[in-house]
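Its first residue numbered 912, the sequence shown is counted upward by one per residue in my numbering.
All C-beta atoms, glycine included, are put in the ideal place defined by N, C-alpha and C.
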Amino acid sequence: IDAESKMVATSKGRISYDRLVVSPGIDFRTEELEGYNASTPDIMPHAWKAGPQSLLLRKQLEQMKNGGTVVLSMPLAPFRCPPGPYERTSMIAYYLKQHKPKSKIILLDANPDIVSKKGLFLKGWKKHYEGIIDYRAAKKVTAVDAKGMAVLVDGVEDVKGDVINLIPSQRAGGIAISAGLVGEDKRWCPVNATTFESAIHKNIHVIGDAANAGAMPKSGYSANAEAKVCAINIVALMNGRETTELSGLNVCYSFLTNKEAVSVAGVYKVADGKIIGVPNSGGVSPDLSELEAVYAESWLKNILGDMST
């Protein structure tokens, strides 16, 4: 991306633009992990970008002995999909309970507490996975030993596993960094809270996980909402009309078992140039529910249909 000449270079040639919208996604700050190198994800998959990594993690879980230990290490917020590591822990625990009942999963959470749907996850784990899930808060992984299948917590505590799902700390995707779209923190892209135009380069708009969107979480549904308000306001800007104030929405479902799920919803607006949560709006589902799982399936079909039209 050449912001000065308003040009994008692709594998099939160069394209000029009047306004550019990018959704760079995330990359990992693996340089913060001592011992991490190019081969580490082949041994300790992050599986935080869908595809081969997801399949590798599944294969490792299937091949693990009954009685083995899974270690899932998650980073400090912000990161892609705040409830994701807790849902993944639940799904792995469900698999272990069904197929490897002598096994357990240790969740090393770098955060001081569960960052999303805390009460519901804890209730679900107590109901379904007592003795299977070992949750450990404020345990930040600082080094890895792929050969020894161990991670080092805070430089002092070794935690070993037969399968290690290591999710590193995150930042905006590489293209955002090379284009100079990240802020002083060198991690996320500062944007105008209404138009999602970059605060660094005019005429480039950043949406999705890479954007620093205030209170809006880094989720697929947030990205969908950001894309819509961004598109509306690009049309307004290109036609000399007033922009439309952000009305943001996020909905996220998490499965606890194959039939039970929970959800969280939030509504967002702009105040003093920042995206904030609308007071007394949204919240979490009242309890664990099989109906929430039905809603989740419907939500997935609807958002996929919305994005494909």
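Check your understanding: What is the C-beta distance between A1104 and L1157, in whole angstroms, given that I count them as a contact (C-beta under 8 Å)?
Key -> Between L1157 and A1104 the Cβ distance is about 6 Å, and since that is below 8 Å, they are a contact.
Practice item. Check the C-beta distance from G1188 over to D1073 and give it rounded, since I have them as a contact under 8 Å. Key: Contact between G1188 and D1073 is absent: CB atoms are separated by about 41 Å, not below the 8 Å threshold.
**Study point:** Residue nearest to Y1005 in terms of C-alpha spacing, selected from P993, M1218, E1171 and G1177
**Key:** Closest by alpha carbon: E1171.
Practice item. Please state whether DSSP places A1110 in a helix, a strand or coil. Key: DSSP places A1110 outside both helix and strand once states are collapsed to three, so it counts as coil.
Point to revise | Cα-Cα separation, I1111 to M1060 | key: As the crow flies, the alpha-carbon of I1111 is around 42 Å from that of M1060.
Review point. Under 7 Å, do L1019 and T1000 count as touching if we go by C-beta distance?
Key: If you check the CB distance, L1019 and T1000 do not come in under 7 Å.
Check your understanding: Counting only runs that start and end within the stretch 1007 to 1041, where is the beta strand (DSSP E) found for 3 or more residues in a row?
Key -> List check, beta strand (DSSP E) in window: 1015 to 1020.
Check your understanding: How about the stretch 1064 to 1079 and the stretch 1043 to 1052: do they share at least three Cβ pairs that are nearer than 8 Å?
Key -> With the cut-off at 8 Å, the stretch 1064 to 1079 and the stretch 1043 to 1052 touch.
Practice item. Determine contact between the stretch 1176 to 1187 and the stretch 1202 to 1212, defined as no fewer than three beta-carbon pairs at a distance below 8 Å. Key: Not touching, per the Cβ criterion.
Point to revise | Spatial neighbours of G1085 in its chain, beta-carbon cut-off 6 Å, leaving aside the 5 residues before and after | key: Residues D938 of the same chain have their beta carbon placed closer than 6 Å to that of G1085, with the five preceding and five following residues left out of the count.
Review point. Is the Cβ-Cβ distance between K1118 and A1087 less than 7 Å?
Key: It is Ile, not Lys, that sits at residue 1118 in the sequence shown. Not a contact, by the Cβ cut-off of 7 Å.
Review point. When DSSP labels each residue in this structure, what does Y1164 get in the three-state scheme?
Key: It is a strand residue.
Practice item. Kindly indicate the opening and closing residues of the alpha helix (DSSP H) around Y1132. Key: Run containing Y1132: G1131 to M1149, per the alpha helix (DSSP H) assignment.
Check your understanding: Taking the alpha-carbon positions, what's the L968 to V1055 distance?
Key -> L968 and V1055: Cα-Cα distance of roughly 17 Å.
Check your understanding: Which parts of the stretch 1033 to 1105 are runs of the beta strand (DSSP E), unbroken and 3 residues or longer, counting only runs that do not cross its ends?
Key -> For the stretch 1033 to 1105, whole beta strand (DSSP E) runs of length 3 or above, ordered along the chain, are 1044 to 1047, 1052 to 1056, 1061 to 1064, 1068 to 1071, 1074 to 1077 and 1081 to 1083.
Review point. Beta carbon of R930, beta carbon of I1145: below 7 Å?
Key: A contact, by the Cβ cut-off of 7 Å.
Practice item. Taking only runs that begin and end inside the stretch 1184 to 1219, name each unbroken beta strand (DSSP E) of 3 or more residues, in chain order. Key: Within the stretch 1184 to 1219, complete beta strand (DSSP E) segments of at least 3 residues are found at 1185 to 1188, given in chain order.
Point to revise | Residues near R925 in its chain [Cβ-Cβ closer than 6 Å; skip 5 each side] | key: Taken in chain order, the residues that qualify are M918.
Point to revise | Three-state secondary structure (DSSP) of Y1179 | key: Strand.
Check your understanding: Which word fits R1152, buried or exposed, when buried means at least 16 other C-beta atoms lie within 10 angstroms of its C-beta?
Key -> It counts as exposed.
Practice item. Return the first residue and the last residue of the beta strand (DSSP E) that D938 is part of. Key: Start and end: I937 to F939.
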